[in-house]
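Some notes on the structure that comes next.
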Amino acid sequence: MRAVTTPLCACKCSPCSCSSSRRSNEYRTWRPRSRRSSRGEDGGRYSEEEDEEEGSSSSAEDGTSAESALAGGGVTFKPQQHRKRCCDDDFSSLSTRLRCLLAAVIVLLVLTAVFVPLYYFVFREHLGPLWRTLFGRRVADASSGGAETTIGGTTLDETLAPFQTTPAWKPQCPEAPVLEWNRFDCFPENPDVDLRTCEDRGCCWAVTNVRNDKDGPAAREHYRDHVPKCILPLNSGYRIAGAEESLFAGYEVPLHRIPSPSRYGDDITHLKVRVQMQTPYRLRVKIYDSSEERYEVPDPVIPVEMDLGSPLVHEGDVQMYATSYSLGSDPFSFQVRRTKTGTVIFDTGVGALVFAHQFLQISARLPSGLVYGLGEHVHEHFKHDMNWRTWAIFNRDAFPEDYSNLYGSHPMYMCIEKDNNAHAVLLLNSNAMEIQLQPTPAVTFRTTGGVLDFYFFMGPTPEEVVRQYTEAVGRPLMPPYWALGFHLGRWGYRTTDYVRDTQKKMRDMNMPQDVAHVDKDILYKQRLFTLDQNNFATLPDLVKDLHRRGQRFTVVMEPGVAVPRGEPGPYAPLESGERLGVFVNDTWGTQPIQGLGWPGNIMFPDFGNPVTQAWWSEQLREFHQIVPFDGLWITGNEPSNYANGSVNGCLQDNLNQPPYKPKTKGHRLFERTLCMDSVHWFKGSKHRHYNLHNLYGKAMSQATVNALNALSGGRRSLVMSRSTFLGSGRYVGHWLGDNASRWPDLGHSIVAMLEFGLFGIPLVGADVCGFYDDANEELCLRWTQLGIFYPLVRNNNAIESSAQDPSAFSEDYQAVARSALKLRYELLPFLYTLFHHAHTKGTTVARPLFHVFPNDTETYAIDKQFMWGEALLMTPVLEPGVVSVEGYFPAGKWYDYHTGREFSDYKSGQWLPVYSPLFDPNRPCNLHVRGGSVIPMQGHANTTTVSRRNPMKLLVALNASGEATGDLYWDDGETRDAQLLEEYVYLKFRAMNNTLEICSYQYKKLFNSTFDELAIMSVRVLGIRRRPARVELDGYYLLSRRQYRWHHSNKVMDLKQILMPLRKNTTVRWFMS
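This is how it looks when you write it as structure tokens:
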């Protein structure tokens, strides 16, 4: 009988593990493979593990080991039988399971990697509504006796348990009919919503036949909102969820969402309200997600505390505001009020707070309907129409021909309270948004992301509001002196000779001009940083000739870098940019997104990427070596993209198609720009274009200014940007875009100019005579008469429009235009001083009348007149065929600038006719001087290079008390940070008691001998009733009769041929007989 050897672990698997070393010593018995194919009968792939298991099983049945077979003298072909080893079977079984499990895990990971992105970017927004439609949640309605109610198309708050037995939330609607002016919209995306849809959302249906008799029936013009029929319930929003927590200079309050239907999905359950008393005049109220970090605007960074060196700091400053919030009542709301008067300036108790992932809304009652600001749009008037108007804010390349969103984003407004105090409110948010104004008066902010970050600036005067606002977002730039001269350009200079001929015509007409502009005509195939050698090979020589004549040269710049196709030779900006990774990437962040522009396919530099700054600077440096330009004007930086997203389209995800789209121009947010899910780098973090879109133009402006600063050394340069954001005024000026040669656009330009002064961008102006269409002579001349008082004056038009430079019109036109431009050049020292104050104190340059006369309520609606500073009043002609216009003249003395004659002297403001001839070179504009002002002036010339060497003169306009004040800031006109370096001279003027005092408060020798020679050589005094007996200079020098003269007809005294150096304190005294 054959002895059978039993393995040590035959039936006891626990003592041994049947290790791999033990198994490796066993010989595997060979058995022939059956004739079946390598695939099993069931079609499955053949497995070698099955052979192993079958071989192992048959060997066990025979009870013969491999060793005994070998001992018998060879290998037997009959499967040997051996005892079944439990540890072998267990190991084989376990190994198979592990392998199956590993395969399942791998398959699961692959499916997850494939389907999760597909779900997130493609199916997410569709599956939810489909699921809710098929399987709408049913909740028990206690009031209906347990009947089930399906809430289709609506998602209950996630904090409700699936089997909650408490009664379902029901909207609490007003018991009495709600007046039209007091309704707050619960369905803003559809003004034609019906009753059932409204109630399904959890909103209240308003009775529609009750109107506010005080304001009359709501108008139904196409640009107005429909009066809401579906309004917010009284019990939705958030409630206080805990105790107030004290913070440094403020406090925080936790909020919890009231369970109610979600209007746009993904509502945030837990919020916090942070209140910061940053300065005595600035308050911050921030509402944010307390459980998860969300996107917030990274620039500008508003300081928490005021600058101790700020002129707004006063000893004993008392906090000008107080805050309160609803305690013990739902829903949560807060109020901001002025401590001195008790006026509530912002009350959110009128509408529910909504804070979802992609929809944020808050409404507030305002103290009055005198609201200004909110841009950039075409506004008919400076004071907003509060009768149901919604203004979308989202940077867009569009013609300013309707009321849609335009190039810049400025969600800031100023409000004049009933007691004439002023304040401003800023929402620091860069997402697409809309702001609705209604006759309550009230405002509603709706934005598609970020947080609700409000800043309140308490004034209390309009000018102080602007000073406080610019202290927060950044003081305006100090322009170079030459930038205040006349600019001339066009799109359509086809060759260098065309530009040269235009410049020669200007000189032949003796027409002042400082800056020549050229458009994309000079570029080779309209590609950035190239020069068309066929048509503009001699352009660099022309630029050098302009420089010799004391003029400057400015070229256009766009962000789009061309992507040439099928052309020999490299395009260096593209190749280096791709190598360094400086472009905005597509959805996946793997390759640059491509759009369409003038050169064809284009890529967009990512100006938030630090690498891009160095690359952009290098490209501008190399281009400057080809064309030695002095400034740049940036267009298309909204950014503009003719491909609507990209050349490959955009994914249908929740960024490109958010649950709520504000009333922006077009059907999709990505129209005329990039896909919303394209990838940027900004401030060291990755962001989606959805959040950064409105910041793109400002980021490009900063990068361009930095590059030009490196090129120009310590000299100031000029950059004009079409797209702007909060704080852009620190870096650039702004022109008002692609306006048209039409009379309405002429009037609209005043409103826009005043608004950008409010936004802290005082260096602003429209294209004189219009950009598109053909300007006739009357329109162009009236526009020139207005344009000389734009802070930034440029005549510029499009390629298909007829020429509109002065040489294109009659000699009569040229004579008036020449006189108008010479008048501007005479006033440049005064204008330059205004920019000094804007740069150092944050004040406005072109100023609404109510900024100067805040207690005169008649000025609140005036936007056809404006002022330079507090001294000069402009009353332009804005309609065709008019030779007289009516202007408002506030209380006090006003003088005609051209004659010096007293025009008005009333104790209260008056509307008076102003003679306005079209072709009169002696009266090229309607300009009046306010009594009590001293205006520094200088002899005119055809360039500022020459005019700055001309003698100075003073215009002294006495008020009823015989007094006047003024000042002059003067530096070399181009040194950067001259104020900080104290390389300037500052003079103050004061006239009283028949004495003019000139005090020099700061002096440094900057201009070599030229500065020492610069002096005030003449003085004109308005409002002297009688002839002076004698005039003395510095108490000892008696002026001769040839040096002073008094005019009886207009009561003006002229002092000439006198010498008062700017570096000296001087006194002029006149003695009456």
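Note that full-length UniProt numbering has the sequence shown beginning at 1, numbered continuously upward. Positions of the beta carbon are idealized from the N, C-alpha and C atoms, including for glycine.
Query: For Gly-892, the first and last residue of its enclosing beta strand (DSSP E); Result: 892-896
Query: Check whether Val-985 and Leu-1033 have beta carbons under 8 Å apart; Result: no
Query: Inside the segment 826-885 only - beta strand (DSSP E) runs reaching at least 3 residues; Result: 866-868 and 872-874
Query: Element boundaries [alpha helix (DSSP H), containing Thr-965]; Result: Premise fails: Thr-965 lies in the beta strand (DSSP E), 964-970, not in any alpha helix (DSSP H).
Query: Identity of the residue in Cys-230, Phe-382 and Arg-722 nearest Arg-196 by Cα; Result: Cys-230
Query: Inter-stretch contact (C-beta, 8 Å, three-pair minimum) for the segment 232-247 and the segment 255-271; Result: yes
Query: C-alpha gap between Pro-516 and Gln-503, whole angstroms; Result: Looking at the sequence itself, residue 516 is Ala, so the reference to Pro does not match. Their backbone Cα atoms lie some 8 Å apart in a straight line.
Query: Cα-Cα separation, Tyr-223 to Thr-664; Result: 13 Å
Query: Three-pair Cβ contact test at 8 Å for the segment 473-492 versus the segment 508-522; Result: yes
Query: From Glu-199, Asp-194 and Phe-187, residue whose alpha carbon lies closest to that of Cys-173; Result: Glu-199
Query: Nearest-angstrom beta carbon gap, Val-350 and Ser-363 [assumed within contact, 8 Å]; Result: 5 Å
Query: Stretch-stretch touch, CB-based, cutoff 8 Å, three pairs: the segment 278-290 with the segment 454-461; Result: yes
Query: Whole-angstrom distance between Gly-560 and Gln-591, CA atom to CA atom; Result: 16 Å
Query: Short Cβ contact (8 Å threshold) for Arg-389 with Thr-440; Result: no
Query: Cut-off 6 Å between Cβ atoms - residues of its own chain near Phe-889, not counting five sequence neighbours on either side; Result: Ser-904, Gln-910 and Leu-912
Query: Exposure label - Glu-886; buried when at least 16 CB within 10 Å; Result: exposed
Query: Selected residue, minimal CA-CA separation from Lys-988, among Asn-926, Asn-950, Lys-1064 and Leu-927; Result: Lys-1064
Query: 8 Å Cβ cutoff, Val-253 in contact with chain D; Result: Reference to chain D is not applicable here, since this structure consists of a single protein chain.
Query: Beta-carbon spacing of Asn-644, Glu-671 below 8 Å; Result: yes
Query: Neighbour-count burial assignment, Ile-416, 16 or more Cβ in a 10 Å radius; Result: buried
Query: Closest Cα partner of Phe-553 within the set Gly-973, Gln-594 and His-624; Result: His-624
Query: Beta-carbon separation (whole angstroms), Val-556 vs Trp-633, contact threshold 8 Å; Result: 6 Å
Query: Tyr-469, enclosing alpha helix (DSSP H) - first and last residue; Result: 462-473
Query: Beta strand (DSSP E) runs wholly inside the segment 509-567, at least 3 long, in chain order; Result: 515-518 and 552-557
Query: Classification of Trp-169 by the beta-carbon crowding that lies within 10 angstroms, buried from 16 upward; Result: buried
Query: Distance CB(Gly-550)-CB(Thr-975) smaller than 8 Å; Result: no
Query: Touching by the beta-carbon criterion (3+ pairs, under 8 Å), the segment 872-879 and the segment 987-1002; Result: no
Query: Cut-off 7 Å between Cβ atoms - residues of its own chain near Phe-701, not counting five sequence neighbours on either side; Result: The sequence shown places Ser at residue 701, rather than the Phe named in the question. These residues qualify, in order along the chain: Ile-634, Val-719, Ser-721, Ser-728, Tyr-731 and Val-732.
Query: Rounded straight-line distance, which links the Cα of Phe-771 to that of Leu-779; Result: 13 Å
Query: Close beta carbons around Asn-855, own chain, < 7 Å, minus the five adjacent residues each side; Result: Asn-420
Query: Cβ-based burial, Lys-822 [other Cβ within 10 Å; buried from 16]; Result: buried
Query: The segment 394-407 in contact with the segment 680-691 per 3-pair CB rule at 8 Å; Result: no
Query: Collapsed DSSP secondary structure at Pro-1061 in the structure displayed; Result: strand
Query: Where Ser-1018 sits in the DSSP three-state scheme; Result: strand
Query: Option in Val-110, Leu-736 and Ile-935 with minimal Cα separation from Thr-965; Result: Ile-935
Query: Trp-1046, DSSP secondary structure in three states; Result: strand
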